[in-house]
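**Q** Quick one: the structure is below, and I'll ask about it shortly.
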Amino acid sequence: MNKIVANAQEAIKGIQDDMTLMLGGFGLCGIPENAITALVELEVTGLTCISNNAGVDDFGLGLLLKKRQIKKMISSYVGENAEFERQMLSGELEVDLIPQGSLAERCRAGGAGIPAFYTPAGFGTEVAEGKEMRMYNGKPHILEEALTADFAIVKAWKGDRYGNLVYKGTARNFNPMMAMAGKITIAEVEELVEPGELDPNFIHTPGIFVQRIFQGEKYEKRIEQRTVRAKDE
Amino acid sequence: MNKIVANAQEAIKGIQDDMTLMLGGFGLCGIPENAITALVELEVTGLTCISNNAGVDDFGLGLLLKKRQIKKMISSYVGENAEFERQMLSGELEVDLIPQGSLAERCRAGGAGIPAFYTPAGFGTEVAEGKEMRMYNGKPHILEEALTADFAIVKAWKGDRYGNLVYKGTARNFNPMMAMAGKITIAEVEELVEPGELDPNFIHTPGIFVQRIFQGEKYEKRIEQRTVRAKDE
Amino acid sequence: MLDRNGIAKRIAQELQDGWYVNLGIGIPTLIANYIPEGINVEFQSENGILGMGPFPYEGEEDADMINAGKQTITALPGAVIFDSATSFAMIRGQHINLTVLGAMEVAQNGDIANWKIPKKLVKGMGGAMDLVASAENIIVAMMHTNRKGISKILKKCSLPLTGVGCVKKVVTNMAVLDVTENGFKLIERAPGVSVEDIIAATDAELIIEGDVPEMKV
Amino acid sequence: MLDRNGIAKRIAQELQDGWYVNLGIGIPTLIANYIPEGINVEFQSENGILGMGPFPYEGEEDADMINAGKQTITALPGAVIFDSATSFAMIRGQHINLTVLGAMEVAQNGDIANWKIPKKLVKGMGGAMDLVASAENIIVAMMHTNRKGISKILKKCSLPLTGVGCVKKVVTNMAVLDVTENGFKLIERAPGVSVEDIIAATDAELIIEGDVPEMKV
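Protein chains in written order, with my numbering: chain A, 1 to 233; chain B, 1 to 233; chain C, 1 to 217; chain D, 1 to 217.
Okay, structure coming up:
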C-alpha cells in the first residue's frame, strides 16, 4: 500500500467548489499549512470549512477567508481575525458556532459511524435551539449529530506510506478525529518515514483513516501568543 | 500526586457485595490477573461484571464464576467456559450479551459523559428489543446507553504514580475505555516507572482516569490458542 | 466439492489491491494464506490490530499479541495497535472494505444467524453484529449443509438473527451465491458439483440463468 | 479592592490536594502562580494537555506546545498530551474537579454569559459551554462591574447564555459570592470594601447573614 503523493497540489486534487472540508488544528497549532496554501492557489470557492478556529488575518484559514473562498465556517472559536468578524457581521459569511467538545465529538462520531449522541453541552443556550432534549441522570442533554466532510485535511509530525500518523505535542488537537471523518483524508507531515519506524503501539492515527499523504515543503508554524519567562525566574 | 497502593488487596478496598465492576481484557489477554485473585480471596458476592469475555474455567473471571461470586455478566462473547454455560443455561447466572463494538463504545461513552448514542449494530435482532430505533443516512439505528461501574479494574504494561498508563500490543483492547468509566479506577501494571519516563505524547490512558495503581506481584499471561508455524516455513 | 481451504481460496479471489479486510474465526481466517499475487491487503482483527502478520515462529509467541480468535499472531511493518473503541470506529464507520465471516444460517433476503442456538449454545455475538450492521461488503464462508445434510442456505432464518439484509455473497463448499433483490443467484458451482446437486442441497429458491460455470480454484 | 492577581490569589485558596483543574483564559490563568504550599494540583488545558507547566524560558518556545489561550507552555514530568475528543471526555465525563472561568455576566440562579454580544462581538464559545454544562464545581473569576461601573452580578443575564444554573461561586475584585438555592450569598468582602459598597455595585439581590468577614489574601 502506498498512499504517498508528490506534494500538496497532488494531494488536494478533486477538491471542488461548494465542497465541505475539515481542517485540523487549534489556533495556528497543528494546521495543514501546505494544503491551505495549495487551496488558495486552486481558487476553489463556496467552501464549507469545519475547523475549530478560522486562522488569523494573514495565516491559516484567514488566507482562504481573505480571498472569499469560504461560504460557511463551522467552528467553536473565531476571535483573533478581523476579516472574519467583518464578513460575519456583514452577513457575507455563514457561521455555525459549536461548543468545542461537541465539535470534537461530532467529528469523531462521523468517523466512527455514530450518527448522533446526547451531550449536556449547550443546553439552555442558542446552541440547543431546534435540537431534541432528553433527561439523563437528572440532567438535561441535547442530541447532536455527526459531522463528516468530502475531504479532511490534517497535519501530523511523522507518517508512513500506509498513512499511519504521529502528532507532536498539542499540535494533535482535532487532527485525529478529523482524519477519521473525511470521505477522503489528506495528511501532510513534517517527515515521511519507512513503515515500521513508527512503533505500532504508539501510532495516533491508524493509516486506514488516511487516503493520501505527503511531506510538506516547509513549515512556518507561527506562534500566536509567544509567552515566556526570563531565564533567571 | 501519588496514587500508588501497595498491592492488589489494598487496591480493591471498598469493593462490596452487589457492586458493578468493569474488567479489562479480551479473552485472557490484558486481564487484571492480580486484582481478580484478590477478589476471589475477598469473597465478595453478587457482583455484576462488565467484561468482554468471562475467562476460562480455571483462569480470569472463571475463578470468580466458579466461586459463585458473580450474579450477572455483561459481555459480548462467553464461549470457552463450561461452568459459565452451565450457570447460564440453568438460570443461576444472569447474562446480558452486547455487540462487542457497542460494549466498547458504551464504556467510552460512560467515561466521556455521553449518556446515549445511536449505532446500527444489533438492529433487527434480539439486541434491539425494547430500544428506540431511528433512521440515519437511510439505515436503521438503535439507541444505546452508556455504561459505568462502581469500580473499573484494568491491566496495563507500565504506569506511573500519576496513574498514566501504557499498554502493550493487543493487551490494550477494552482497558482504556473501562479506565474512563469507573467511578473508581484501579490499574495494575507490570512495571511502575517514575513520572516523566513515559513520553507524554504516547500515553494511552491519562492518569486523570485512574485513582489507584499498583505493580502486580506476578503475571501468568496464559495463552488460549497457542498458534505457531515451524521455523522452516 | 470444496474443503475449508478451497472455500478460503475462492473467497481470496475477491480481494482487491489496497483493501482493508476483517476475517472472522474459522474458514475466513484461512483466506490470509491465499492472497493473489500482486494484491496487497491489510488484515484487521477487531480486538485491536491492523496489519496482522502470520502466526509467530515456535517459541516466539507473545501472550500480548493475539487476534480476535485468541490465536497468537505477529504484526507486519506498518501495523498499528489500538483499543476496542477505535477498532469498532473503523468497522462501524465503514473504513473496512471487506468482511468475511462464518454463519449457521443465511437467508435469501441477506439475513444471517451465527451467534446463538436458543437453550443449547450461547457463545455471544462478539463483534459480528457490529460487523454485519456496518459493512458494505459482506461475504459469508460456510458449509452448504450441516452435518445432518440439512441446508444452511434458507428461505428464512430459523435461529436468532445476527443482522438483517446484510449478506452480499455466500461461498460454500458447493457454490458461490450472490444475494440479489430477488434472492440467491447461483453464480458458480464447485468442481464436480452439478446445478442439480446444489438445488437438492438448498432450502432457498435459487435464481439460475444460463450455464453456471465451475469455480476456478 | 482586589486587582486581577488578588482575585486569582483568593481563588487559589479553594484548591485541594490532588485536584485536576481547568483554568480559563484571563484571570483564571493567573491562579497557577498562587498554588498554596503543600497542595498538588494538575492543570488541564482543553486543547489537549494535562500537567501543564510554567511558560517556557525565552528561546525555548515550541510552536507545537500551547494552551487553550494559544500561549506557549511547557509540560511537567508526568504530563500527558491527548486529542480534543479525549480532552472533552475528561471534561464532560466530570473527571475535572474544578473549573475556573471568566464571565461577562453571572445571574443569581447560577446562569452565566460569556461568549457573545449580539451584533457586536462574536468570538464563539470555545470550550466554555462544555465546561459549564459538565463541571460539578465552577468558580467564576471576574470584575464586579464593567468599565462603566455597571454590575455584572445580575438578577438575570441579558446576554446569550453559556450555561444555565451552573455557577457555584463567584470571586470578584469586591467580594466572594456563593450561588445558593435562594440566590447570591455574600461570603467575604475584599480588603477595604464595605458591605454597603458591594450592595451598591450589585444588581442582584444579596443574602447577607451576620458579619461578613474580610478576605485573607
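Note that beta-carbon positions come from the ideal geometry of N, C-alpha and C, so glycine has one too.
Everything numeric in this text was worked out from a predicted model, so none of it was measured.
1. Would you mind stating whether Asn7/B and Asn47/C have Cβ atoms separated by less than 8 Å?
2. Note down the Cα distance separating Ser84/C from Glu105/A, rounded to an integer number of angstroms.
3. Does the distance from the CB of Ala190/D to the CB of Met65/D come in under 8 Å?
4. If I'm right that Val100/C touches Ile139/C with Cβ under 8 Å, what's the distance once you round it to whole angstroms?
5. Taking its Cβ as the centre, do 16 or more other Cβ atoms sit within 10 Å of Leu43/B, making it buried, or is it exposed?
6. Give me whichever residues DSSP pairs with Asp96/A in a beta bridge.
7. Along chain A, which residues have their Cβ under 8 Å away from the Cβ of Lys123/D?
8. Hey, could you find the ends of the alpha helix (DSSP H) Phe84/A is sitting in?
9. How about Tyr57/C: is its C-beta nearer than 8 Å to some C-beta of chain B?
10. Using CA coordinates, which residue listed in Cys107/A, Glu145/A, Val228/A and Gly79/A is at the minimum distance from Ile117/D?
11. What separation, rounded to the nearest whole angstrom, lies between the Cα atoms of Gly167/C and Val132/C?
12. In this structure, does DSSP put Thr148/A in helix, strand or coil?
13. Mind listing the chain A neighbours of Lys168/B? Cutoff is C-beta to C-beta under 9 Å, in chain order.
14. Using DSSP with H/G/I as helix, E/B as strand and the rest coil, what is Thr45/B?
15. Report the neighbours of Gly119/C on chain B: residues whose CB is nearer than 8 Å to its CB, in chain order.
16. Answer yes or no: do Tyr219/A and Glu33/A have a C-beta to C-beta separation smaller than 8 Å?
17. Please classify Glu191/B: does DSSP put it in a helix, a strand, or coil?
18. Give every residue of the same chain whose Cβ lies closer than 8 Å to the Cβ of Lys66/A, excluding the five residues on either side of it in the sequence, and list them in chain order.
19. So, helix, strand or coil for Asp197/D, using DSSP?
20. For Glu217/B, which of Arg229/B, Ala230/B, Glu188/B and Phe202/B has the nearest alpha-carbon?
21. Decide yes or no for the touch test of the stretch 112 to 119 of chain A against the stretch 87 to 100 of chain C: beta carbon pairs closer than 8 Å, at least 3 of them.
22. For Ile39/C, count neighbouring C-beta atoms within 10 Å of its own C-beta (all shown protein chains included) and say buried if the count is 16 or more, exposed if not.
23. Can you tell me the Cβ-Cβ gap for Leu259/B and Lys119/C, rounded? I've got them flagged as a contact below 8 Å.
24. Three-state secondary structure (DSSP) at Phe55/C?
25. When burial is assigned at 16 or more other CB atoms within 10 Å of the CB, is Ile150/C buried or exposed?
26. Ends of the beta strand (DSSP E) at Leu76/C?
27. Can you determine whether any heavy atom of the ligand HEM sits closer than 7 Å to the C-beta of Met19/B, and answer yes or no?
28. Cβ of Ile81/D less than 8 Å from any chain B Cβ?
29. Considering only C-alpha positions, which residue in the set Asp150/A, His204/A and Val228/A is nearest to Ile12/A?
30. Provide the residue span of the beta strand (DSSP E) that contains Lys70/D, from first to last.
31. Where does Val100/C sit, in a helix, a strand or coil, going by DSSP?
32. According to DSSP, is Glu220/A part of a helix, a strand, or is it coil?
33. Taking Cβ positions only, does Asn173/B come closer than 8 Å to chain C?
34. Roughly how many whole angstroms lie between the Cα atoms of Gly24/A and Ile153/A?
35. Keeping to the same chain, check which residues put their C-beta closer than 7 Å to that of Asn97/D; ignore five residues upstream and five downstream.
36. Does the pairing of the stretch 176 to 191 of chain B with the stretch 132 to 148 of chain B give three or more beta-carbon distances under 8 Å?
**A** Looking at the coordinates:
1. With respect to Asn47/C, Asn7/B sits apart: the two C-beta atoms are not nearer than 8 Å.
2. About 17 Å.
3. Against a cut-off of 8 Å, the Cβ pair of Met65/D and Ala190/D comes out as no contact.
4. With a Cβ gap of about 5 Å, Val100/C and Ile139/C count as contacting.
5. Residue identity differs from the one stated: residue 43/B is Glu in this sequence, not Leu. Under this definition Glu43/B is an exposed residue.
6. Looking at the DSSP assignment, Asp96/A forms a beta bridge with Ile74/A.
7. Near Lys123/D (Cβ distances below 8 Å), the residues of chain A are Tyr77, Val78 and Gly79.
8. If you look at Phe84/A, you'll find it in the alpha helix (DSSP H) that goes Ala82 to Leu89.
9. It does: the Cβ of Tyr57/C has a partner Cβ on chain B nearer than 8 Å.
10. It is Gly79/A whose Cα lies nearest to the Cα of Ile117/D.
11. Note on residue identity: the sequence assigns Val, not Gly, to residue 167/C. Within the model, the alpha-carbon separation for Val167/C versus Val132/C is close to 8 Å.
12. DSSP, read as helix, strand or coil, puts Thr148/A in coil.
13. Going along chain A in sequence order, the residues near Lys168/B (Cβ under 9 Å) are Asn201.
14. Secondary structure at Thr45/B: coil, using DSSP grouped into helix, strand and coil.
15. With the sequence shown as reference, residue 119/C is identified as Lys, and Gly is not the correct amino acid for it. Those are Leu89, listed as they occur along chain B.
16. Going by beta carbons, Tyr219/A and Glu33/A fall inside the 8 Å limit.
17. Three-state result, Glu191/B: strand.
18. Excluding sequence neighbours, Lys66/A sits near Asp57, Asp58 and Glu83.
19. Asp197/D falls in the helix class under three-state DSSP.
20. The candidate whose alpha carbon is nearest that of Glu217/B is Glu188/B.
21. Cβ pair count under 8 Å is three or more, so yes.
22. Burial call: exposed.
23. Any answer about residue 259/B is impossible in this case: the structure gives chain B only from 1 up to 233.
24. DSSP places Phe55/C in coil when its eight states are reduced to three.
25. So Ile150/C ends up on the exposed side.
26. Following the DSSP letters along the chain, one finds Leu76/C inside the beta strand (DSSP E) bounded by residues Ala75 to Ile81.
27. Among the components of this structure there are no ligands whatsoever, and the ligand HEM is therefore not found.
28. At least one chain B Cβ lies under 8 Å of Ile81/D.
29. When only C-alpha atoms are compared, the closest one is Asp150/A.
30. For Lys70/D, no beta strand (DSSP E) segment is defined, and its DSSP state is neither H nor E.
31. Of the three classes helix, strand and coil, the one that applies to Val100/C here is strand, per DSSP.
32. If DSSP states are grouped into helix, strand and coil, Glu220/A belongs with coil.
33. Chain C, which has a Cβ nearer than 8 Å to the Cβ of Asn173/B, makes this yes.
34. Between the C-alpha atoms of Gly24/A and Ile153/A there is a straight-line separation of about 6 Å.
35. These residues qualify, in order along the chain: Trp19, Tyr20, Val21 and Asn137.
36. Per the Cβ contact rule, the stretch 176 to 191 of chain B is in contact with the stretch 132 to 148 of chain B (3 or more Cβ pairs under 8 Å).
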